[in-house]
Amino acid sequence: MSDINKTIERVDAREKISGIAKYVDDLKMEGEIYAKTIRATIAKGKITDISVPPLPEGYATVGVKDIPGKNFVKIIFDDQPVFTESEVTYFGEPIMLLVGPDKAVLRKIANEIRIAYKEEKPNLEWDDPMISYHFSKGDGDQPFQTASKTFSDVYITGYQEQAYLETQGLIGYPEGNRIVITGSMQCPYYIKNALINCLGCKDDMVRVIQQTVGGAFGGKEEFPSLMACQLAVAVYKMKKPVRLIYDRKEDMPVTTKRHPSRIRLEAAINKKNEITAIRAAVGLDGGANAGLSGVVLQRAMIASSGAYTFPNMDVTGRVYRTNTVPNGAFRGFGAPQMLFSIEMFIGHVAKFLGLDPFEFRMKYLAKQGDKTSTSGTFRDPIIMPELIGKAMKESDYLRKAQIYSAGNGYQGIGMSFFLHGCGFTGSGEATHIKARVRLEKDENDNVRILIAAVDMGQGIRTTMRKLVASILEIPMEKVIFDLPDTDFVPDSGPTVASRTMMIVGGLVDRCARKLKEKWLANEKQILEENFQQPEYVKWDEEKLAGDAYPAYSWGVNIVEVEIDKATCQVKPIGIWSEYDLGHAIDEMVIKGQCDGGIAQGVAYGYLEVMEQKDGRLRQKNLTDYIIPTAVDMPPTMSGVIDNPFALGPYGAKGAGELTLVGGAPAIAKAIEMAIKRNVTEIPVTPEKIRELIDNGRN
Amino acid sequence: MAEIEFILNHQKIVSETDPSLRLLDYLRNTLAMSGTKEGCGEGECGACSVLLDGKVVNSCMVPMANVAGHEVTTIEGFRETKRYKILEQAFVQCGAVQCGFCTPGMIIASESLLRQNPHPSESEIREALSGNLCRCTGYNMIVDAVKKASEDGDGLW
């Protein structure tokens with residue numbers, strides 16, 4: 027394999043196409059019983075009484091009293107109960123499981139369970155901050171005092187649902203006196219650690235095994251830990267295999283979503299019409315508990331300079347507690363909200379100053395050696411001008427922009443610039459994750475990759491094997507990568523944060539090179555590699571200052587739209603993207619990320635609507651939460667320009683999230699051009715477009 | 004319960020079953036054929052697509068009563084055909100598969116299209132697949148695959 031980026035056949039393609047691949051719902055276990063979750067039917071209040079009808083033999087409830095360990099799902103804070111004891115904090119909060127052998131009987135019993143509440147008014151205002159952060163760069167204050175003018179606006183983003191095609195599902199079963207959890211997940215060790223905490227057991231008493239995952243997009247980062255804890259308690263009580271698989275109308279209202287946000291941006295402008303400082307105030311709706319919201323907030327705040335450099339910044343952020351479903355991880359993780367806001371804002375500043383928006387944006391583009399928003403350094407070459415030039419040429423951007431800006435044909439073309447930090451924020455990799463990978467070679471010289479990273483569709487079962495085969499110069503068939511099982515794989519960390527190829531793959535790369543050096547034919551060999559923070563990366567977790575990420579991927583998205591004058595329906599008619607993701611490990615895998623990521627990003631900007639009313643989500647299924655179909659998506663061109671990262675395997679950086687984060691601002695800018703109104707809120711639905719045309723600012 | 008007779012993957016089935024049972028549950032639970040997936044249960048996503056008398060339907064919306072006297076083909080039956088091999092190869096080569104959960108349904112919808120229209124245009128392909136949701140690919144690589152299959156399998160449909 028001379029060139030790593032040359033496409034090879036995806037290893038799991040044929041088993042998936044033919045329907046042979048087994049997802050969790052396709053597994054059956056001898057003697058298994060079903061679990062049904064009994065949930066709160068109010069958004070806030072206290073449970074005053076629970077009355078359960080007499081249960082037939084073989085049926086039981088599983089609740090707080092059955093938990094042998096602690097009643098919270100271990101993640102960052104201890105504020106998410108496995109089962110709520112008396113306080114209800116959101117609609118659909120789990121109260122107990124009902125378990126038994128027949129699903130129809132479970133439904134009947136569930137209908138007869140009576141729960142009495144002392145209901146309170148849910149807090150849906152953003153006035154109860156549970157997490158607050160602040161950082162500044164240079165002097166974030168003084169430039170505002172000496173500014174010749176200032177400009178500010180508020181940007182609003184809505185919920186987004188991951189809409190993985192396979193709903194959440196896990197099966198738990200006893201194995202001797204141990205408990206095994208298997209199913210659809212991104213992070214086997216998050217689940218394992220949560221189980222140890224909830225069962226109050228030793229490390230070797232639980233085991234977690236991944237099955238083929240039918241899409242995740244962040245939605246299976248932390249949520250499965252909650253289900254796994256509930257299920258483990260049920261297995262502990264019943265001593266039988268138990269299945270907990272949601273149907274769509276249960277899944278959508280109670281699982282984590284992308285945080286709705288309100289972001290206020292303010293620019294200080296000097297006499298030369300230059301931005302001298304930016305103030306950002308980020309608000310996220312966390313929902314009923316903190317979960318991963320603090321980390322999402324940090325990523326949003328760090329992205330507040332977008333793909334630009336501003337000399338002075340002051341950035342504050344808050345996560346608000348509301349009585350709504352807890353929000354959490356979703357591909358992009360805080361960056362999509364902020365990148366929408368800053369991209370719209372910089373265009374609005376240019377317009378306010380009467381300057382050409384394209385030239386204005388190019389002037390502030392970050393360059394190698396510049397200081398990041400957190401006063402770290404962009405150490406590696408930044409090739410944004412090349413990416414922009416290529417994307418503009420392929421889309422014929424300038425000519426179209428000129429025609430559409432002058433005309434009133436309800437056509438527009440928008441371009442977004444963006445970056446995405448690769449891996450965990452700050453010192454997360456070094457202090458929290460401490461990834462470890464292992465390679466095991468047997469006497470027949472087959473090499474087994476032992477990592478906890480999950481293939482959820484992004485293709486790492488293919489790319490990791492390809493990586494190892496390439497380094498060792500052995501055929502792919504000699505490299506084995508089974509679905510992770512915590513009994514065998516070390517904790518290489520969760521499958522999140524665009525870290526899998528760059529960080530985990532980087533360790534696998536180094537481990538494979540060592541193995542090659544020490545290779546003893548026909549002998550068993552085991553090698554491990556542990557994460558080490560590059561010396562130059564310095565991060566102050568208290569002050570949120572320094573190098574937030576070891577590397578950044580960069581991109582440009584261009585979206586062209588037509589808007590129906592009568593209905594205000596938006597139709598994307600062309601999408602062009604260029605990315606710097608270091609080096610592609612497989613061109614087709616990367617194209618899959620490019621096309622799929624931007625579909626989600628663009629749809630976030632104009633199509634996907636989710637709202638809550640009185641604390642309840644109004645969308646419950648794919649019939650009312652609309653995601654793009656094949657007809658909605660226009661032809662999509664994407665390309666990459668090589669810019670290898672020294673510490674990535676073959677130069678690879680993060681790719682998974684980068685392809686989503688620029689979609690919304692690109693289409694929102696295209697809509698702005700088409701309707702000649704400022705867009706400050708997504709999704710830009712036909713109703714909002716009508717409202718903007720009638721009352722908006724030009 | 005009622006006696007329901009139909010053809011499944013070229014085999015005659017006579018089954019004593021609840022006529023209101025969803026075809027999807029009959030396939031997955033009664034027969035343990037797991038290639039047909041459930042994505043939404045409301046006829047929106049197409050993961051449960053099967054062929055009913057050669058045309059694509061959502062098996063979550065079809066009660067067993069409506070199957071009586073008809074012919075059903077699932078991915079398990081279709082994967083034994085020459086046309087399937089052409090589609091499979093095209094899906095592999097065009098990178099049309101990521102998480103794979105929608106894929107058997109996409110294959111069934113593609114077969115249904117190509118049976119009616121062996122040489123569809125891009126917009127006809129998009130229209131024909133618009134009842135099958137995919138969250139991973141953004142569809143372009145799937146559309147390319149169907150186009151390629153229609154060329155490579157020229158004469159088979």
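So the sequence lines, in the order shown, correspond to chains A and B. When we follow the numbering used here, the leftmost residue of the first sequence carries the number 27, and every step to the right adds one. When we follow the numbering used here, the leftmost residue of the second sequence carries the number 4, and every step to the right adds one. Don't be surprised by glycine CBs; every beta carbon is placed ideally from N, CA and C. Nothing here was measured: the structure is a model prediction, and the numbers come from that model.
DSSP, reduced to helix, strand and coil, places Asp52 (chain A) within a helical segment of the structure shown. For Gly531 (chain A), same chain residues with a beta-carbon under 7 Å away, outside a window of 5 residues either side, are Met490, Leu493, Pro675 and Ala678 in chain order. In the assembly as shown, Gly141 (chain B) is a buried residue. Its beta-carbon has 16 or more other beta-carbons within 10 Å. Nearest to Ala66 (chain A) by C-alpha distance, out of A:Gly118, A:Lys134 and A:Val78, is A:Gly118. Fully enclosed alpha helix (DSSP H) runs of no fewer than 4 residues occupy 361 to 379 of the stretch 348 to 383 of chain A, in order along the chain. Taking 9 Å as the upper bound on Cβ-Cβ separation, chain A lies near residues Glu125, Ser126, Ile128, Arg129, Glu130, Ala131, Leu132, Ser133, Gly134, Asn135, Leu136, Cys137, Arg138, Cys139, Thr140, Gly141, Tyr142, Asn143 and Met144 of the stretch 115 to 144 of chain B. Rounded to whole angstroms, the separation of the alpha carbons of Ser210 (chain A) and Gly519 (chain A) is 16 Å. Under the DSSP assignment, Asn137 (chain A) falls in the alpha helix (DSSP H) whose first and last residues are Lys129 to Glu138. For Phe98 (chain A), there is no enclosing beta strand (DSSP E), as DSSP marks it with neither H nor E.
For the stretch 45 to 72 of chain B, the residues whose beta carbon sits under 7 Å from a beta carbon of chain A are, in order, Glu45, Glu47, Cys48 and Ala50.
As the crow flies, the alpha-carbon of Asn724 (chain A) is around 50 Å from that of Ile217 (chain A). The contact set of Glu35 (chain A) on chain B, defined by CB atoms closer than 7 Å, consists of Val95 in chain order. Here the C-alpha atom of Asp668 (chain A) lies approximately 41 Å from the C-alpha atom of Thr649 (chain A).
In the displayed model, Asp311 (chain A) falls within a strand according to three-state DSSP.
Residue state for Glu114 (chain B) is assigned as helix, using DSSP reduced to three classes.
DSSP places Ser319 (chain A) inside the alpha helix (DSSP H), whose first and last residues are Ser319 to Ile328. For Ala136 (chain A), the closest alpha carbon among the candidates A:Gly622, A:Pro250 and A:Ile64 is that of A:Ile64.
DSSP, reduced to helix, strand and coil, places His609 (chain A) outside both helices and strands of the structure shown, so it counts as coil. Cα atoms of Tyr605 (chain A) and Leu159 (chain B): separation of roughly 40 Å, rounded to the nearest angstrom. In terms of beta-carbon proximity, Ile111 (chain B) stays away from the interface with chain A, with every pair separated by 7 Å or more. At least one C-beta of chain B is nearer than 7 Å to the C-beta of Ser44 (chain A). Proximity of chain A to Thr106 (chain B) at the Cβ level (cut-off 7 Å) is accounted for by Lys42 and Ile43, in chain order. In the three-state DSSP reduction, Phe170 (chain A) falls in the helix class (H, G or I). Within the stretch 170 to 195 of chain A, Gln188, Ala189, Tyr190, Leu191, Glu192 and Thr193 place their CB atoms closer than 9 Å to a CB of chain B, listed in sequence order. If you ignore the 5 residues before and after Arg269 (chain A), its C-beta comes within less than 7 Å of the C-beta of Glu58, Tyr60, Ala61 and Ile197, all in its own chain and listed in chain order.
A Cβ-Cβ separation of about 22 Å leaves Gly682 (chain A) out of contact with Ser453 (chain A) under the 8 Å criterion. Using a Cβ-Cβ cut-off of 7 Å, Val100 (chain B) counts as an interface residue toward chain A, since at least one Cβ of chain A sits closer than that to its own. The C-beta separation of Gly627 (chain A) from Gly722 (chain A) comes to about 23 Å, leaving the pair out of contact by the 8 Å criterion.
Judged by DSSP in its simplified three-state form, Gly435 (chain A) adopts coil rather than helix or strand. Pairing Cys537 (chain A) with Leu465 (chain A) gives a Cβ-Cβ distance under 7 Å. Contact of Ser153 (chain B) with chain A by beta-carbon distance below 9 Å is absent, the smallest such distance being about 15 Å. Of all residues in the stretch 482 to 495 of chain A, the ones placed with a Cβ closer than 8 Å to any Cβ belonging to chain B are Met482, Gly483, Gln484 and Gly485, in chain order. Taken through DSSP and simplified to helix, strand or coil, Leu196 (chain A) comes out as strand. The beta-carbon of Arg274 (chain A) is placed less than 7 Å from the nearest beta-carbon of chain B.
Asn647 (chain A) belongs to the set of residues whose beta carbon lies under 7 Å from a beta carbon in chain B. In this chain, the beta strand (DSSP E) harbouring Gln236 (chain A) covers Val232 to Gln236.
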